[in-house]
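So the structure is just underneath, and the comments pick up after that.
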Amino acid sequence: NGGTAETTGVELGLTLQPVDGLTLQFTGAYVDAQYTQDIAGTPVRDGDRIVGVPETTFSTSATYRWPLSARLNGFARGA
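Residue numbers for the sequence shown follow the working numbering, beginning at 1098 and rising by one.
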């Protein structure tokens, strides 16, 4: 229903474990999403960005795990 479109992009993720129990994660992405033709009866024109597709995204998280007992671990996570 939306005509033709083209999407290209790149995503990069990095995971680090600087000390025992701690995991840090970082991700980022770039997306070029655009219509490749006019859509009759709408304001959409060839070359317009696709609505709802962000051009860039970033995220980070940290998780720390530690032993509570011989059979049970605890963890804390923030993102």
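Ideal placement from N, C-alpha and C gives every residue a C-beta, glycine not left out.
Three-pair Cβ contact test at 8 Å for the segment 1155-1175 versus the segment 1132-1147: At 8 Å Cβ cutoff, the stretches do not touch.
Limits of the beta strand (DSSP E) - the one that residue 1145 falls within: Indexing the sequence shown from 1 puts residue 1145 at position 48. Taken as a continuous stretch (DSSP letters only), residue 1145 belongs to no beta strand (DSSP E), as it is neither H nor E.
Rounded separation between residue 1141 and residue 1163 - CA only: Within the sequence shown, numbered from 1, the residue matching residue 1141 stands at position 44. Within the sequence shown, numbered from 1, the residue matching residue 1163 stands at position 66. Cα to Cα, the separation comes out at about 53 Å.
Identified DSSP bridge partners for residue 1160: Reading the sequence shown from its first residue, position 63 is the one you call residue 1160. Beta-bridge annotation (DSSP): residue 1160 is paired with 1120, 1174.
DSSP state of residue 1101 mapped onto helix, strand, coil: The sequence position of residue 1101 within the sequence shown is 4, counting from 1. DSSP places residue 1101 in coil when its eight states are reduced to three.
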